[in-house]
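Using this note's numbering, you'd call the opening residue of the sequence shown number 19 and step up by one each time.
Glycine is no exception: its CB is placed at the ideal position from the N, C-alpha and C atoms.
Keep in mind that this is a model prediction, so the values were computed, not measured.
Written out below as structure tokens is the structure these notes cover.
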Amino acid sequence: MANSLVTVWLEIHLKLSTTTKIFCRCKNDQSLDNNEPNTNICPVCTGQPWALPQLSEEVVEKGMLIWKALNCKWNNPSRFDRKSYFYPDLPMGYQITQLYTPINVNWEVPFFMDNYEKERKVRILDAHLECDTAKALHQWETMYLDFNRAWTPLIEIVTWPDFCSSDEAVEFAKEIQRIAKWNDLSDADMEKWQMRVDVNVSIRKNESDPLWTRVELKNINSFSAIKRAIDAEVLRQEQAQAAWEEILQQTRRWDDLKGQSFVMRSKEDALDYRYFPEPDLPELYLSDELIEKVKARSLTIPFDHIRKMKNEYGFNKEYINTLIWDYTTLVFFNKLLEKGFEAKLIAKWIAWQISAYMTAHFVPITELPVDEEQLIEFFEIAKEWKIIDNQMKIVMEEMLATWASASDIIKEKWFDAPAISADDLRGVCKSVIAENPAIVDQYKWGKTSTIGFFVWQVMKKTQWKANPKEITGILTQELWN
Ligand SMILES: [Zn+2]
Numbered sequence: 019m020a021n022s023l024v025t026v027w028l029e030i031h032l033k034l035s036t037t038t039k040i041f042c043r044c045k046n047d048q049s050l051d052n053n054e055p056n057t058n059i060c061p062v063c064t065g066q067p068w069a070l071p072q073l074s075e076e077v078v079e080k081g082m083l084i085w086k087a088l089n090c091k092w093n094n095p096s097r098f099d100r101k102s103y104f105y106p107d108l109p110m111g112y113q114i115t116q117l118y119t120p121i122n123v124n125w126e127v128p129f130f131m132d133n134y135e136k137e138r139k140v141r142i143l144d145a146h147l148e149c150d151t152a153k154a155l156h157q158w159e160t161m162y163l164d165f166n167r168a169w170t171p172l173i174e175i176v177t178w179p180d181f182c183s184s185d186e187a188v189e190f191a192k193e194i195q196r197i198a199k200w201n202d203l204s205d206a207d208m209e210k211w212q213m214r215v216d217v218n219v220s221i222r223k224n225e226s227d228p229l230w231t232r233v234e235l236k237n238i239n240s241f242s243a244i245k246r247a248i249d250a251e252v253l254r255q256e257q258a259q260a261a262w263e264e265i266l267q268q269t270r271r272w273d274d275l276k277g278q279s280f281v282m283r284s285k286e287d288a289l290d291y292r293y294f295p296e297p298d299l300p301e302l303y304l305s306d307e308l309i310e311k312v313k314a315r316s317l318t319i320p321f322d323h324i325r326k327m328k329n330e331y332g333f334n335k336e337y338i339n340t341l342i343w344d345y346t347t348l349v350f351f352n353k354l355l356e357k358g359f360e361a362k363l364i365a366k367w368i369a370w371q372i373s374a375y376m377t378a379h380f381v382p383i384t385e386l387p388v389d390e391e392q393l394i395e396f397f398e399i400a401k402e403w404k405i406i407d408n409q410m411k412i413v414m415e416e417m418l419a420t421w422a423s424a425s426d427i428i429k430e431k432w433f434d435a436p437a438i439s440a441d442d443l444r445g446v447c448k449s450v451i452a453e454n455p456a457i458v459d460q461y462k463w464g465k466t467s468t469i470g471f472f473v474w475q476v477m478k479k480t481q482w483k484a485n486p487k488e489i490t491g492i493l494t495q496e497l498w499n
């Protein structure tokens, strides 16, 4: 088993970060969970029969920016369609979406695989605007409805069946999230359901076989769950195949805690959505002004930045991961580049200590205890290479702990005192040995790990000016004298 070819495609829903909802003037609040239920509502988004939708231009603009980032061209005009189905979170009995794809060119979106070693491309089939539903909350036997989320704007991105593994699907989804976040198109926080992914999985034996039945797994909201869901589904289909069971076309719900999926509906009870052109909205014509505005806006494409880091600066995956972890880190990195600092120098210090601090305290680089000017001063000093890395590490540590400036710390610790001569260093080593006879005995009786103690003492006495390797060399000689 496990020799089948895997085909995967994705449907990614992104909540657009606009000020208002898609068809009314209600606030499009991104922190939905913090709000009192049903405080952001109006006759339109609660589905009153006499209330008419009015399309937000900001939503269209953000949609166009996503199409631009995905290398897609948009149809002009396009239109909205009514998708009819009944569910309590949709009291009007329909959702407004765009069935007839608003983009007309199947372009490709590049992304990186295998720790930025390999470049891949995936084609986009469709990316359309639609509205979200209300939120249904189940408590005991009762269902409560919160309309704050109703008719907030979504863009649904559908790919071609181009993925060959769960890893590829995950890396692509990460790239989409970065595109959305870095360009302020969507906050794309998966935990807050601002980005959710449906995966479609189909397996076959040979490349020449037709794609078999597809199974869709819905509403996955973490990258690790995408991987687990696809891997589990491939295994389930392989087992079914080995047992000569038919794989049915189904929509399944992935339960990440159980690590299992459950049938939601099968092909036989697939819903007939009775799509038809939305009668309450005119065709959507994009004005020249809006088209020019979108064309003029420059977008940050994560793939391009990663490629530059890899090919031009020769960064390893740790450096790249650190710099793309958060958009503000990348902005800071680019700012320092513009100021003429060497790329590797910047990446090294961000990856070493600054990122450790950010992860430990859950803060972006813009919210460190030291401000940008203080950081730039630090990089100025590091650039001169007058003070060795050991000392600079201590400077950064102190900066983050005491909020003091690099130059003050250096003065206070005497790091700017002239470099220590070889003779002086030997003198310090000798005095440390003379001061600790008991530990010298331990060392001579075979507990050689005590050398670390001596090295540390010498480094402290020399204000971290000396190279630990050099100290160890001198100490090993002197300990046996
Ligand atoms: Zn409303």
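Since residue i sits in a beta bridge, which residues does DSSP pair it with?
i    : result
W27  : N218
L155 : Y162
K465 : According to DSSP, K465 bridges with nothing at all.
I142 : T177
L521 : What the structure shows of the chain is the stretch from 19 to 499, and residue 521 is not part of that stretch, so it cannot be assessed.
K236 : R271
L229 : Its beta-bridge partners do not exist; DSSP assigns none.
Looking at residue j and residue i, is the spacing between their C-beta atoms short of 9 Å?
i    : j    : result
V26  : I265 : no
M417 : I427 : yes
Q113 : C149 : yes
E401 : F359 : In the sequence as presented, Glu is not what sits at residue 401; that position holds Lys. Yes. Within cutoff.
T170 : L34  : yes
K39  : S96  : no
A152 : D99  : no
L308 : F41  : no
L117 : Y293 : yes
F433 : K479 : no
A422 : E430 : yes
F321 : P128 : yes
K326 : Y134 : no
V413 : I399 : yes
L497 : K462 : yes
K139 : Y291 : no
V281 : E251 : no
I372 : L354 : no
A69  : V62  : yes
I438 : F472 : no
E256 : S22  : yes
Under a three-way DSSP split, which group does residue i fall into?
i    : result
E137 : strand
V176 : strand
L370 : For the record, residue 370 in the displayed sequence is Trp; it is not Leu. In this structure, W370 counts as helix in the three-state DSSP scheme.
S501 : Missing from the structure shown is residue 501; the chain here goes from 19 to 499 and no further.
M131 : strand
L302 : strand
M19  : For M19, the predicted model reports a pLDDT of 47, less than 50, meaning its position is unreliable and no value from the coordinates is stated.
F294 : strand
W125 : coil
T37  : coil
V381 : coil
I428 : helix
T480 : coil
M213 : strand
P109 : coil
E263 : coil
V473 : helix
K335 : helix
F45  : Note that residue 45 is Lys in the sequence shown, not Phe. Note: K45 maps to strand in three-state DSSP.
L32  : strand
Beta strand (DSSP E) containing residue i: first to last residue?
i    : result
R271 : 268-273
Q113 : 112-115
K101 : 99-102
M282 : 278-284
Tell me which residue opens and which closes the alpha helix (DSSP H) that residue i is part of.
i    : result
R196 : 184-200
V388 : Careful: V388 lies outside any alpha helix (DSSP H) and carries neither H nor E.
Q452 : Here the sequence assigns Ala to residue 452, which means Gln is not the residue at that position. Unbroken alpha helix (DSSP H) run through A452: 440-453.
W85  : 75-87
G491 : 486-497
N320 : Reading off the sequence shown, one finds Pro at residue 320, where the question assumed Asn. Per DSSP, P320 belongs to the alpha helix (DSSP H) from 320-329.
V349 : 345-356
V413 : 407-420
Closer than 9 Å, CB to CB, is residue i near chain B or not?
i   : result
E54 : Within the model displayed, chain B is absent; a lone protein chain is all it includes.
With a threshold of 8 Å, are at least 3 pairs of Cβ atoms found where one atom belongs to the segment 326-342 and the other to the segment 360-380? yes
Taking 8 Å as the threshold, find out whether the segment 231-243 comes into contact with the segment 159-174 through three or more Cβ pairs. no
Touching by the beta-carbon criterion (3+ pairs, under 8 Å), the segment 58-67 and the segment 35-49: yes
With three or more beta-carbon pairs closer than 8 Å as the criterion, would you say the segment 158-169 touches the segment 78-92? no
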